[in-house]
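Visitor: Residue numbers (this note's numbering), protein chains in the order written: chain B, 1 to 638; chain F, 639 to 935.
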Amino acid sequence: MRKLKIILILVLVVFLFSGCQGKGEKDLKIKTVEFGHHRAVIELSRETPISSVSVFDQDGSLITTVTIGSEVSKQAILFFDWEEARPYLFQINLKNGNMIEKEVKSPAKPTSVAKFCIQAPYGMRESDERSLVAKGSKVTATVFLESYSGNPLQASVKLTLPKEFKLVRTPSIFKAKETREGHILTAECKLVTEFDNFNELLEFEVLSTLAEDIYKIEGEATVEEIINGERKVTQFQKEKELRVISLKEAKNLAHIAGIKVPTNDEGDFDSRKKENTLALSVDGNNFLKRILGTGNKEIDYLEHPLAFATTTVRNENQDNVVFLVTSKVLDPKTKKIAQAFRVPPNKSGGTGVSYAVVSVPGKSEAKATLPIYVNEAEVLGGKYILESEIKIFGTDKAISKKQKEIDVITRNPVPGLITLAAFLITVIGLGYLAICQKAFFKGFKTKWLVIIALFGTATFITVNVPGTLLWDFLHVILGPFSFLITGIFYEIILYALIMSLVVLIPRPGVVTLALGVSFLLGGVVLGNFSPVTLMWKASLIFLLETTLYLFGVTRKNGILTDIGAEKRWRVLATAGIACALADTLSVYINFGTTIFLYRLYYATWYIHTYAVIDGFLYTLVGALVGTRLGFSLRKIIE
Amino acid sequence: MFNTASLIQPSIKKTFIHRIDPRAKITFLLCASILAVSLDKPKSLFILFMVAISSCIFAKLPWDKVGLLAIFVILGMWGTMFSQALFYAGHPRTIIFVLISSKTPILGAITDGLYVYREGFIHGAVQALRFSSMICLGLLTCWTTEPRDLLTGLVKLKIPYNFAFMTITALRFIPTVLTETKTVIAVERLKGFKPTKVGIFSSLKTAVSTLRPILANSVRRASTLALSIESRAFNPTAPRSHLRDLRYKFSDFLITGGAISGSLAVATIKIMYLLYINEIFYSSSLRHIYQLAGKVL
Numbered sequence: 001m002r003k004l005k006i007i008l009i010l011v012l013v014v015f016l017f018s019g020c021q022g023k024g025e026k027d028l029k030i031k032t033v034e035f036g037h038h039r040a041v042i043e044l045s046r047e048t049p050i051s052s053v054s055v056f057d058q059d060g061s062l063i064t065t066v067t068i069g070s071e072v073s074k075q076a077i078l079f080f081d082w083e084e085a086r087p088y089l090f091q092i093n094l095k096n097g098n099m100i101e102k103e104v105k106s107p108a109k110p111t112s113v114a115k116f117c118i119q120a121p122y123g124m125r126e127s128d129e130r131s132l133v134a135k136g137s138k139v140t141a142t143v144f145l146e147s148y149s150g151n152p153l154q155a156s157v158k159l160t161l162p163k164e165f166k167l168v169r170t171p172s173i174f175k176a177k178e179t180r181e182g183h184i185l186t187a188e189c190k191l192v193t194e195f196d197n198f199n200e201l202l203e204f205e206v207l208s209t210l211a212e213d214i215y216k217i218e219g220e221a222t223v224e225e226i227i228n229g230e231r232k233v234t235q236f237q238k239e240k241e242l243r244v245i246s247l248k249e250a251k252n253l254a255h256i257a258g259i260k261v262p263t264n265d266e267g268d269f270d271s272r273k274k275e276n277t278l279a280l281s282v283d284g285n286n287f288l289k290r291i292l293g294t295g296n297k298e299i300d301y302l303e304h305p306l307a308f309a310t311t312t313v314r315n316e317n318q319d320n321v322v323f324l325v326t327s328k329v330l331d332p333k334t335k336k337i338a339q340a341f342r343v344p345p346n347k348s349g350g351t352g353v354s355y356a357v358v359s360v361p362g363k364s365e366a367k368a369t370l371p372i373y374v375n376e377a378e379v380l381g382g383k384y385i386l387e388s389e390i391k392i393f394g395t396d397k398a399i400s401k402k403q404k405e406i407d408v409i410t411r412n413p414v415p416g417l418i419t420l421a422a423f424l425i426t427v428i429g430l431g432y433l434a435i436c437q438k439a440f441f442k443g444f445k446t447k448w449l450v451i452i453a454l455f456g457t458a459t460f461i462t463v464n465v466p467g468t469l470l471w472d473f474l475h476v477i478l479g480p481f482s483f484l485i486t487g488i489f490y491e492i493i494l495y496a497l498i499m500s501l502v503v504l505i506p507r508p509g510v511v512t513l514a515l516g517v518s519f520l521l522g523g524v525v526l527g528n529f530s531p532v533t534l535m536w537k538a539s540l541i542f543l544l545e546t547t548l549y550l551f552g553v554t555r556k557n558g559i560l561t562d563i564g565a566e567k568r569w570r571v572l573a574t575a576g577i578a579c580a581l582a583d584t585l586s587v588y589i590n591f592g593t594t595i596f597l598y599r600l601y602y603a604t605w606y607i608h609t610y611a612v613i614d615g616f617l618y619t620l621v622g623a624l625v626g627t628r629l630g631f632s633l634r635k636i637i638e
Numbered sequence: 639m640f641n642t643a644s645l646i647q648p649s650i651k652k653t654f655i656h657r658i659d660p661r662a663k664i665t666f667l668l669c670a671s672i673l674a675v676s677l678d679k680p681k682s683l684f685i686l687f688m689v690a691i692s693s694c695i696f697a698k699l700p701w702d703k704v705g706l707l708a709i710f711v712i713l714g715m716w717g718t719m720f721s722q723a724l725f726y727a728g729h730p731r732t733i734i735f736v737l738i739s740s741k742t743p744i745l746g747a748i749t750d751g752l753y754v755y756r757e758g759f760i761h762g763a764v765q766a767l768r769f770s771s772m773i774c775l776g777l778l779t780c781w782t783t784e785p786r787d788l789l790t791g792l793v794k795l796k797i798p799y800n801f802a803f804m805t806i807t808a809l810r811f812i813p814t815v816l817t818e819t820k821t822v823i824a825v826e827r828l829k830g831f832k833p834t835k836v837g838i839f840s841s842l843k844t845a846v847s848t849l850r851p852i853l854a855n856s857v858r859r860a861s862t863l864a865l866s867i868e869s870r871a872f873n874p875t876a877p878r879s880h881l882r883d884l885r886y887k888f889s890d891f892l893i894t895g896g897a898i899s900g901s902l903a904v905a906t907i908k909i910m911y912l913l914y915i916n917e918i919f920y921s922s923s924l925r926h927i928y929q930l931a932g933k934v935l
């Protein structure tokens with residue numbers, strides 16, 4: 001029945017925690033909805049596994065729905081015939097069962113047969129007439145023509161680039177010719193269906209010897225459409241200006257005004273969090289998952305950024321400029337990307353860094369919020385450098401770079417919990433002794449108290465003094481492995497004394513008195529009054545008293561009453577294992593409190609080795625020796 | 639090299655430190671230990687260490703004790719630096735020496751390599767300031783106070799009298815048991831025991847043969863002593879009087895009050911800060927406190 005209750009409580013706890021919404025889910029929302037020809041492009045505030053996307057009209061009737069599966073994406077497209085100036089409700093169902101929605105009013109319908117645009121550099125807004133380029137940069141430009149007609153379109157595209165630019169990469173579809181006006185690039189194409197498009201990237205270099213001036217890129221597209229046997233020709237013309245400036249001037253015109261970390265995905269700094277500090281996520285939910293073995297750090301790393309860093313870009317120029325903002329976490333020693341902070345291979349095109357394109361209007365600022373991914377299985381707590389860099393989008397020269405030192409805090413709750421447990425044991429134990437001291441000392445004869453006190457003297461002389469003197473010297477030579485030698489005093493001799501005393505006076509409380517006197521002597525004579533020693537001693541007393549009682553060593557009518565020769569081995573084995581188990585656990589408590597309170601590092605293998613050799617083996621040997629010694633001392637008392 | 643008597647016997651003088659009430663000393667020691675585990679910044683830990691060292695200077699400790707203290711502090715510091723150089727798990731860390739390569743058969747697989755990290759030495763040195771401060775203040779308390787006065791102080795601080803009685807008894811017999819131990823070891827030597835021979839079995843054999851006569855004597859002595867105590871109508875629960883009663887002076891109140899309020903304030907601020915950086919509790923009104931904890935403490 002009791003077991004059933006525990007199982008029910010556990011199930012309830014798991015159920016409650018599993019139902020909790022993840023920390024990041026609260027911030028997830030539909031950022032924008034862009035209406036195109038017979039479609040709407042929905043953009044989310046961040047990438048997430050999407051299950052399906054639906055759109056409803058103002059009456060709540062479903063217009064269309066698309067089942068995506070469980071693809072991790074930031075964008076979803078819905079194809080439907082929308083009407084002008086009508087409210088539509090967009091609904092996104094996530095893989096985890098949650099749902100987000102947004103109501104958006106549709107704009108006026110586009111009327112053109114096609115859309116033609118040039119982005120030079122790539123990424124600039126359609127409305128931007130002019131952009132900046134630093135001398136010596138390689139610029140990527142794009143030519144885009146998209147059909148909005150249901151009829152096949154025959155199209156020709158012509159692009160004129162200034163002759164001062166050097167073509168680096170031209171798609172094979174273009175025919176290039178050099179004239180007095182500049183580089184002429186022409187291409188023919190057929191756009192067969194609606195939304196069929198011509199989209200080509202080309203690369204040119206703005207030579208460093210070029211004069212600082214404004215250069216024009218002209219584009220022309222001619223589209224032929226046959227409607228009811230009639231040929232209809234539509235012409236599009238675009239002109240973009242490139243203002244070529246020196247790199248020095250570019251650096252003055254735009255810079256990184258600041259980096260804030262950690263922020264939410266909209267770039268807002270949460271004042272509840274410490275600035276420039278990344279605390280690794282060990283929240284209750286994750287902790288429970290880990291205990292239950294259902295958490296997967298690898299999946300967490302691949303799917304969820306730990307935090308976001310927001311870079312503010314300041315554009316001092318008059319015109320709008322599109323920037324590529326990159327953000328990476330570097331190792332302060334090597335200045336290379338810290339391995340644990342590499343962006344997962346399935347993100348950011350496998351570049352290992354986070355990036356975003358941000359368009360900054362003239363004389364203003366804009367924020368780029370980039371995710372920081374952390375592989376928690378690999379990361380070490382400590383100092384790192386967060387580096388943000390901006391380039392004019394489509395060019396390869398960084399014009400501003402800023403670094404910020406960040407602290408990564410690893411949150412391992414185990415040492416803290418161990419310390420809390422040890423603290424509670426100490427407080428309860430001291431409280432019990434203070435309140436119930438009469439009851440505690442009631443059964444102890446004066447002779448026993450004196451024996452325990454004299455054993456305390458022996459412990460002090462044979463354990464504390466040589467241990468204290470040897471510990472420091474051996475630590476110099478053997479470092480953390482000095483326990484192999486000092487364990488002879490702190491474990492073998494100590495347990496030999498404790499167990500011989502327990503065999504002489506087999507009752508609960510003897511260990512408490514013996515170790516209590518030893519602690520007070522250490523405090524009065526050697527000044528060992530530290531709370532860590534007190535907590536460790538209190539925990540050891542609690543564990544020893546418990547195991548010795550449970551194993552029947554200190555129990556009334558336990559194994560130490562009426563010992564015949566045939567029972568001796570049983571007593572030896574039982575006492576030895578009881579002490580060894582208690583001390584092994586106390587080793588973990590000691591390490592937990594030391595790690596938490598003294599901020600020291602210890603390798604897991606070292607702690608286990610210490611626990612096995614010092615905690616278990618040495619204690620077992622000490623307890624066996626002590627029990628035998630106790631048998632021979634009994635004869636003196638008898 | 640070490641003189642055990644120098645380690646355990648106080649040196650009583652008439653300095654300000656010596657005159658402080660044992661209760662104030664114990665309270666100060668406990669408060670200092672709270673500070674030692676609460677503080678984080680190297681500067682603040684160094685200040686605590688300097689307070690401990692200056693107290694030792696003010697106490698005008700004899701040279702043998704100063705030497706002993708220096709050895710404890712230096713060796714203890716080195717020990718922590720050594721262990722942290724091996725186990726440092728912070729970032730960045732620079733390997734300066736390879737003890738066990740991760741490719742070494744068996745040991746390499748178990749330890750994933752054992753390296754000496756430069757940053758570990760520094761981290762160890764900073765963290766060792768905690769122990770060093772406590773060692774200095776702990777030994778200073780013991781070396782400037784009669785053990786009986788310390789125990790009277792502890793009894794006045796409400797530790798059960800039986801504990802104090804047992805500790806006094808234990809303390810009283812330290813010289814006797816120490817002499818006995820020396821005699822037993824001398825006898826063991828005559829029987830061929832080599833104290834420099836290190837090994838589990840030889841150490842065990844020696845330990846048992848040394849402990850048996852010491853403990854047997856203790857058991858015999860306990861019977862006589864208990865009889866003697868009981869014949870004087872000893873009652874551990876009866877109200878106690880002391881040969882030399884302790885009196886709290888104004889300076890003791892100042893020390894106790896300052897130590898308690900200072901350590902509690904630091905501990906509270908650090909707990910608040912800990913809750914803040916672990917994203918458990920935040921209050922905008924505590925922003926200055928967070929700043930103080932993050933930058934100074």
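Note that beta-carbon positions come from the ideal geometry of N, C-alpha and C, so glycine has one too.
Do L330(B) and Y384(B) have their C-beta atoms closer together than 8 Å?
Guide: Between L330(B) and Y384(B), the gap from beta carbon to beta carbon is short of 8 Å.
Visitor: May I ask you to list, following chain order, the residues of the segment 413-445 of chain B that have a beta carbon less than 7 Å from some beta carbon of chain F?
Guide: Those would be L433, A434, Q437, K438 and F441, in chain order.
Visitor: Scan the segment 913-925 of chain F for residues whose Cβ lies nearer than 7 Å to a Cβ of chain B and list them as they occur along the chain.
Guide: Correct list: Y914, I915, N916, E917, Y920 and S922.
Visitor: When the distance is taken between beta carbons, is P700(F) closer than 8 Å to T782(F)?
Guide: no
Visitor: Determine the chain F residues that contact W605(B) at a beta-carbon separation under 7 Å, and present them in chain order.
Guide: I748 and T749
Visitor: Shortest alpha-carbon distance to R885(F) belongs to which of K651(F), S847(F) and R657(F)?
Guide: R657(F)
Visitor: Within the same chain, show all residues whose beta-carbon is closer than 6 Å to that of F542(B), passing over the 5 residues directly before and after it, in chain order.
Guide: Apart from the 5 residues on each side of it in sequence, F542(B) sits with its Cβ closer than 6 Å to the Cβ of I425 in its chain, given in chain order.
Visitor: For chain B, find out if any of its Cβ atoms is closer than 8 Å to the Cβ of Q929(F); answer yes or no.
Guide: no
Visitor: Check whether the segment 762-776 of chain F touches the segment 655-674 of chain F, counting contact only when three or more Cβ pairs, one atom from each stretch, lie closer than 8 Å.
Guide: yes
Visitor: Could you say if the segment 441-454 of chain B and the segment 512-529 of chain B meet the contact criterion of at least three C-beta pairs nearer than 8 Å?
Guide: yes
Visitor: Under 6 Å Cβ to Cβ from T462(B), same chain only, skipping five residues before and after it: list those, please.
Guide: I493
Visitor: Output needed for I7(B): all residues of its chain with C-beta closer than 6 Å, excluding positions within five of it in sequence on either side, in chain order.
Guide: Low confidence applies here, because I7(B) scores a pLDDT of 49, under 50, leaving its location unreliable and the question unanswered by this model.
Visitor: So which residues of chain F does G527(B) contact, with C-beta pairs closer than 9 Å?
Guide: Around G527(B), the beta-carbon contacts reaching into chain F at under 9 Å are L667, M772, I773, C774, L775, G776, L777, L778, T779, C780 and W781.
Visitor: How would you call E230(B), buried or exposed, if buried means at least 16 neighbouring beta carbons within 10 angstroms?
Guide: E230(B) is exposed by the Cβ-count criterion.
Visitor: Among L253(B), V206(B) and E249(B), which has the Cα closest to the Cα of D396(B)?
Guide: V206(B)
Visitor: Going by Cα to Cα distance, which pick from Y914(F), P798(F) and P877(F) is closest to A439(B)?
Guide: P798(F)
Visitor: Whole angstroms is fine: what's the gap from P480(B)'s alpha carbon to I655(F)'s?
Guide: Roughly 35 Å separates the two Cα atoms.
Visitor: What is the rounded straight-line gap between the Cα of G900(F) and the Cα of K908(F)?
Guide: 12 Å
Visitor: How would you call K23(B), buried or exposed, if buried means at least 16 neighbouring beta carbons within 10 angstroms?
Guide: Annotation note: pLDDT 41 at K23(B) (below 50); position unreliable, coordinate value reported separately. Counting Cβ neighbours within 10 Å, K23(B) comes out exposed, since fewer than 16 surround it.
Visitor: Thinking V343(B) and V353(B) are a contact (beta carbons under 8 Å), I'd like their distance in whole angstroms, please.
Guide: At roughly 6 Å, the Cβ-Cβ gap stays under 8 Å, so V343(B) and V353(B) are in contact.
Visitor: Quick check: the Cα distance between D472(B) and S770(F), rounded to an integer number of angstroms?
Guide: Cα to Cα, D472(B) sits roughly 12 Å from S770(F).
Visitor: Rounded to whole angstroms, what is the Cα-Cα separation between N286(B) and S676(F)?
Guide: Annotation note: pLDDT 47 at N286(B) (below 50); position unreliable, no value reported.
Visitor: Answer yes or no: does any C-beta atom of chain F fall closer than 8 Å to that of D583(B)?
Guide: no
Visitor: With H, G and I counted as helix, E and B as strand and the rest as coil, what does DSSP make of A254(B)?
Guide: In the structure shown, A254(B) falls within a strand segment according to DSSP collapsed to helix, strand and coil.
Visitor: Taking Cβ to Cβ, would you say L159(B) is nearer than 8 Å to I100(B)?
Guide: No.
Visitor: According to DSSP, is P262(B) helix, strand or coil?
Guide: strand
Visitor: Three or more C-beta pairs under 8 Å: does that hold for the segment 575-593 of chain B against the segment 618-629 of chain B?
Guide: yes
Visitor: I'd like the list of long-range same chain contacts for N528(B), defined as Cβ closer than 7 Å, with 5 residues on each side in sequence excluded.
Guide: G522
Visitor: Which residues in chain B have a C-beta closer than 9 Å to the C-beta of V846(F)? List them in chain order.
Guide: Simply A496, V625, R628 and L629.
Visitor: For the structure I just gave you, are there three or more beta carbon pairs, one from the segment 110-121 of chain B and one from the segment 205-225 of chain B, closer than 8 Å?
Guide: yes
Visitor: Within this structure, are the beta carbons of F596(B) and G382(B) separated by less than 8 Å?
Guide: no
Visitor: State yes or no: is the C-beta of A155(B) within less than 8 Å of the C-beta of F195(B)?
Guide: no
Visitor: Using 8 Å as the threshold, is the segment 576-593 of chain B in touch with the segment 686-702 of chain F, meaning 3 or more CB pairs across them?
Guide: no
Visitor: Determine the DSSP secondary structure at M910(F), reduced to helix, strand or coil.
Guide: helix
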